[in-house]
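Have a look at the structure below, then the notes.
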Amino acid sequence: MIKLIKSTFYNEKLTKKQLCDFILKTEQLSIGKHCAQFEKDFSKWQGRKFGLMFNSGSSANLALIQVLINLKKIKAGDCVGFSAVTWATNVMPLITMNLKPVPIDIELETLNISSKKVEESYKKHKFQCLFITNLLGYCSDLDKIRNFCNNNKILLIEDNCESLGSVYKGTKLGNFSFASTFSFYVGHHLSTIEGGMVCTNDREIDTMLRIVRSHGWDRHLTPFEQKKFRKKYKVDEFYGKYTFYDIGYNFRPTEIQGFLGSNQLKYLNTMVNKRESNYKQFEKIYSNPDFVKMNTKGLTKISNFALPLICKDKSTRDKYIKKAEKVGIETRPIVAGNINNQAFFSKYVNKKFSLKNAERIHHTGFYFGNNPDMTEKEVRFLVKTFQ
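Counting from 1, position 258 in the sequence shown corresponds to residue 259 in this note's numbering; the numbering is continuous, with no gaps.
Okay, structure coming up:
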């Protein structure tokens with residue numbers, strides 16, 4: 002069977018041995034120097050000044066929204082635009098923090114929102130923040146979206162959990178906004194089993210992220226920032242151990258995740274290149290008139306962990322899913338599909354939005370995996386099955 006993923010880690014046998022050795026020899030498993038080292042190395046790889054690791058990508062999403070609230074960059078009642086085809090935990094923090102979620106329809110050929118769609122939605126909703134999802138290695142015209150947000154003083158943040166390594170017009174996805182989130186879930190580009198990251202160039206954001214990640218206290222701040230908070234709130238060293246400055250959670254990763262992050266990061270370029278190589282062969286599938294051909298204009302590197310296929314109708318999709326099951330190819334819906342159709346969204350958002358393309362994807366789309374452990378034989382078999 003061709004599964005979405007073949008292994009928990011890249012170079013799995015060696016990685017598991019190294020992990021066992023680490024656990025046997027280390028004196029600390031709670032958050033420490035290995036998490037800090039991975040944060041430093043990953044943010045450098047991504048091309049950002051700061052990176053902060055979380056216990057999951059979903060926690061990273063929630064923490065980033067909480068930071069914007071804590072810093073009063075947005076407030077309860079503000080509208081937040083987001084990609085209508087996304088992951089549920091991009092939207093749930095907006096609801097729990099009493100923000101007004103505004104889904105924006107995507108373009109079928111990119112799976113992502115375009116500057117045109119953003120402008121159309123902004124005329125109606127005047128959102129203060131835009132949370133875009135770079136879905137499955139693709140993007141639309143991010144440069145124009147960024148310019149529009151800058152010109153209208155809209156806070157732009159990116160969910161780059163599904164597009165680690167993709168490059169648009171010379172810039173890595175995840176670097177078009179002032180802060181972006183990443184996931185290191187086992188099925189994603191780089192596995193720490195569970196894990197996430199927020200990257201930014203903004204020191205104020207990084208400082209508040211550290212507070213939000215750890216209960217609201219100052220324990221993981223730099224000595225300078227720690228001293229500044231304690232002076233502001235007149236806290237001495239004794240009470241500083243258990244003083245909580247703002248709303249926070251416990252979203253800390255473990256040293257196991259930090260160790261795995263650094264271990265797998267050295268393979269990341271290899272994994273990205275292999276996925277891109279697979280993708281170039283998978284592109285032949287789009288010659289099949291049953292599928293929407295993807296628009297990759299401006300993308301100089303495509304790094305996805307799955308290949309999306311959007312069919313002309315539901316019966317065609319069902320036919321291909323049945324065929325895939327018969328020959329042993331694992332498939333999935335295209336993430337959450339139309340967010341309007343998700344039970345939690347209907348329960349908490351008393352409004353239906355017109356999302357024509359998201360609805361099309363919901364009923365006619367699916368994907369199969371693209372992992373770096375695939376053999377050439379498996380890649381050819383996948384192409385032959387769907388072309």
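Glycine included, each C-beta is placed from N, C-alpha and C at the ideal position. Just so we're clear, the structure is a prediction, and the values are computed from it rather than from any experiment.
{"Check": "Assigned secondary structure, E238 (DSSP; H/G/I helix, E/B strand, else coil)", "Outcome": "helix"}
{"Check": "Within 7 Å, strictly: CB atoms of G389 and I6", "Outcome": "Here the chain comprises residues numbered 2 to 388, so residue 389 is not present and cannot be evaluated."}
{"Check": "As assigned by DSSP and simplified to three states, the class of Y368", "Outcome": "strand"}
{"Check": "Three-state class that DSSP yields for F39 in the structure shown", "Outcome": "helix"}
{"Check": "As assigned by DSSP and simplified to three states, the class of I66", "Outcome": "helix"}
{"Check": "Element boundaries [alpha helix (DSSP H), containing C21]", "Outcome": "E13 to K26"}
{"Check": "8 Å contact criterion, which Q227 and Y11 should meet: CB distance rounded", "Outcome": "No, Q227 and Y11 are not in contact; Cβ-Cβ is about 37 Å, not under 8 Å."}
{"Check": "Nearest residue (CA-CA) to G52, options T182, C150 and S288", "Outcome": "T182"}
{"Check": "C-alpha distance - P373 paired with I146, whole-angstrom precision", "Outcome": "31 Å"}
{"Check": "Within 7 Å, strictly: CB atoms of V168 and K294", "Outcome": "no"}
{"Check": "Secondary structure of P217, DSSP reduced to three states", "Outcome": "The question names Pro, but residue 217 is Gly in the sequence shown. Here G217 sits in coil by DSSP."}
{"Check": "Every unbroken beta strand (DSSP E) inside the stretch 138-207 [3 residues or more]", "Outcome": "156-160, 180-184 and 197-201"}
{"Check": "Those runs of the alpha helix (DSSP H) which lie wholly inside the stretch 245-294 and span at least 4 residues", "Outcome": "256-266 and 269-283"}
{"Check": "Contact belief for N371 with F306 at Cβ below 8 Å, rounded distance in angstroms", "Outcome": "6 Å"}
{"Check": "Sequence-distant residues of its chain with Cβ nearer than 6 Å to N148 (five each side left out)", "Outcome": "none"}
{"Check": "F10 - containing alpha helix (DSSP H), residue span", "Outcome": "Run containing F10: none; DSSP gives neither H nor E here."}
{"Check": "Beta-carbon spacing of Y368, R333 below 7 Å", "Outcome": "yes"}
{"Check": "I96 beta carbon less than 7 Å from that of E349", "Outcome": "Glu is not the amino acid found at residue 349; the sequence shown has Tyr there. In this structure, I96 lies closer than 7 Å to Y349 by Cβ."}
{"Check": "S84 - containing beta strand (DSSP E), residue span", "Outcome": "C80 to S84"}
{"Check": "Spatial distance of G338 from H363 (CA atoms)", "Outcome": "4 Å"}
{"Check": "Inter-residue Cα distance where the pair is K26 and Q19", "Outcome": "11 Å"}
{"Check": "Distance, L112 Cα to R276 Cα", "Outcome": "19 Å"}
{"Check": "Cβ shell of F179 (< 8 Å), same chain only, five flanking positions each side left out", "Outcome": "L156, L157, I158, T201, N202, D203 and I206"}
{"Check": "7 Å Cβ shell around S304 - same chain, five flanking residues per side excluded", "Outcome": "G138, S164, L165, G166, S167, H190, V273, R276 and E277"}
{"Check": "Reduced DSSP category for A89 - H, G, I as helix; E, B as strand; rest coil", "Outcome": "helix"}
{"Check": "Range of the contiguous alpha helix (DSSP H) that encloses F225", "Outcome": "P224 to K233"}
{"Check": "Own chain partners of Q397 with C-beta closer than 6 Å, once the 5 adjacent residues on each side are dropped", "Outcome": "Any property of residue 397 remains undetermined from this structure, which presents the chain solely from 2 to 388."}
{"Check": "Spatial distance of P104 from V199 (CA atoms)", "Outcome": "22 Å"}
{"Check": "Terminal residues of the alpha helix (DSSP H) in which A337 lies", "Outcome": "Where A337 is concerned, there is no enclosing alpha helix (DSSP H), given that its DSSP letter is neither H nor E."}
{"Check": "Cβ contact (3+ pairs, closer than 8 Å) linking the stretch 171-178 and the stretch 284-291", "Outcome": "no"}
{"Check": "Helix, strand or coil at I75 according to DSSP, with G and I counted as helix", "Outcome": "coil"}
{"Check": "Reduced DSSP category for K101 - H, G, I as helix; E, B as strand; rest coil", "Outcome": "strand"}
{"Check": "Between the CA atoms of G366 and Q434 - distance to the nearest angstrom", "Outcome": "This structure does not reach residue 434, given that the chain is present from 2 up to 388, and the question cannot be answered."}
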